[in-house]
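Scroll down for the structure; my scribbles are underneath it.
Residue numbers (mature numbering (1 follows the signal peptide of the UniProt record, and there is no 0)): -22 to -1, 1 to 235.
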């Protein structure tokens, strides 16, 4: 009788062990398929109508660097507005809509109005309004629901790679196992020697939601490297916002080839 009881105990321990192995990885992260990870990522996306934030920007392209303060405002899916200041003086403004990109700067008295080629050239990947907005919110640049992905677990969380990768384009996404926000996303174009990495160094609570605190962007093109850091100092959402923007007269237009 004791032998039977002993065997039953061993069998129960083995069953429990098997259940744990299926549910949790060696790193203590629950195993989920790619579809569930992607669903959670979008279910946890920051819910808002408008944003009004104060940010610190650090920019360095190897030739010039600066660290201005800026105001960043967003009306979801409609408008992104940025006003850059140094020593309390407005130096530049940008207005981004789904249709076009506009900006002017007062140092050289220049302005730009056109499509997203300007931003795409800066970061070395094709951009549109949605990609820029998602980047600022800690969401995937691409709609992950449009493709099939394979998932794995790394030291920082869930890793997603497309099951069928495009020959000219490589994508890698690292997602936090608790919040399902982006840790990092990397977009690589080997033939064109372009590499864009966006790391979300930390997050903060805004209301009861997770919102980026620090974003580190590194863009490599050939031998040129551009680095942009964004530090959200204050974040207010669903408040009334305005987007004042008027290109001063006499400014010279910048053209993109």
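Quick reminder that beta carbons are idealized off the backbone N, C-alpha and C, glycines included. Bear in mind that the values here come from a model prediction, so they are computed numbers and not experimental data.
>> Could you check whether residue 133 and residue 154 sit closer than 7 Å to each other, using their CB atoms as the reference points?
In response: As a working mapping, residue 154 is identified with position 176 in the chain shown. As a working mapping, residue 133 is identified with position 155 in the chain shown. Contact flag unset, no.
> What do you reckon, are the CB atoms on residue 165 and residue 149 nearer than 7 Å?
Replying inline: Position 187 of the chain shown, counting from 1, holds the residue named residue 165. Position 171 of the chain shown, counting from 1, holds the residue named residue 149. A contact, by the Cβ cut-off of 7 Å.
> Are there 16 or more other CB atoms within 10 angstroms of the CB of residue 226, so buried, or fewer, so exposed?
Replying inline: Here residue 226 refers to the residue found at position 248 when the chain shown is read from its first residue. Exposed: under 16 other Cβ atoms inside 10 Å.
> To the nearest angstrom, how far is it from the Cα of residue 7 to the Cα of residue 23?
Replying inline: For the purposes of this step, residue 7 is taken as residue 29 along the chain shown, with counting starting at 1. For the purposes of this step, residue 23 is taken as residue 45 along the chain shown, with counting starting at 1. Each residue's CA atom was taken as its position, placing residue 7 and residue 23 some 21 Å apart.
> According to DSSP, is residue 20 helix, strand or coil?
Replying inline: One-based indexing of the chain shown puts residue 20 at position 42. Of the three classes helix, strand and coil, the one that applies to residue 20 here is helix, per DSSP.
>> Contact between the region 77 to 91 and the region 25 to 35 is defined here as three or more beta-carbon pairs at a separation below 8 Å; is this criterion met?
In response: no
> For residue 61, does the count of other Cβ atoms within 10 angstroms reach 16, so buried, or fall short, so exposed?
Replying inline: Taking the first residue of the chain shown as 1, we reach residue 61 at position 83. Around the beta carbon of residue 61, a 10 Å sphere encloses 16 or more other beta carbons of the protein chains shown; the residue is thus reported as buried.
> Taking the Cβ atom as the reference point for each residue, do residue 118 and residue 94 lie within a distance shorter than 7 Å?
Replying inline: Here the question's residue 118 lines up with position 140 in the chain shown. Here the question's residue 94 lines up with position 116 in the chain shown. No; because the gap between Cβ atoms is not below 7 Å, this pair is not in contact.
>> By the three-class DSSP mapping on this structure, what secondary structure does residue 117 have?
In response: Along the chain shown, read from residue 1 onward, the residue named residue 117 stands at position 139. Looking at residue 117 - three-state DSSP - the assignment turns out to be coil, as it is neither helix nor strand.
> Which partner residues does residue 206 have in the DSSP bridge list?
Replying inline: In the chain shown, the residue the question calls residue 206 occupies position 228. Beta-bridge partners of residue 206 (DSSP): 37, 195.
> Which one of 197, 222, 188 has the shortest CA to CA distance from residue 116?
Replying inline: Your numbering for residue 116 matches position 138 in the chain shown. Nearest option by C-alpha distance: 188.
> With DSSP run on the structure shown, which of helix, strand or coil describes residue 166?
Replying inline: On the chain shown, residue 166 is found 188 positions in, with the first residue counted as 1. Note: residue 166 maps to strand in three-state DSSP.
>> In this structure, how does DSSP classify residue 129 when only helix, strand and coil are distinguished?
In response: Along the chain shown, read from residue 1 onward, the residue named residue 129 stands at position 151. Correct three-state label for residue 129: strand.
> Between residue 54 and residue 26, which are expected to be in contact by the criterion C-beta below 8 Å, what is the C-beta distance as a whole number of angstroms?
Replying inline: As a first step, residue 54 must be located in the chain shown, where it is residue number 76. As a first step, residue 26 must be located in the chain shown, where it is residue number 48. The Cβ separation is near 6 Å, so the contact holds.
>> Please return the same chain residues whose Cβ sits closer than 6 Å to the Cβ of residue 158, not counting the five positions on each side in sequence.
In response: Mapped onto the chain shown, residue 158 falls at position 180. Result list for residue 158: 18, 19, 22, in chain order.
> Measuring CB to CB, does residue 205 end up less than 7 Å from residue 99?
Replying inline: Walking along the chain shown from the start, residue 205 turns up at place 227. Walking along the chain shown from the start, residue 99 turns up at place 121. Cβ atoms of residue 205 and residue 99: not closer than 7 Å.
> By DSSP, does residue 217 sit in helix, in strand, or in coil?
Replying inline: By 1-based counting over the chain shown, the position of residue 217 is 239. Note: residue 217 maps to coil in three-state DSSP.
> Sorted by chain position, which residues of the same chain lie with C-beta nearer than 6 Å to residue 52's C-beta, five sequence neighbours on each side aside?
Replying inline: Residue 52 sits at position 74 when you count from the first residue of the chain shown. Same-chain partners within the cutoff: 29, 58.
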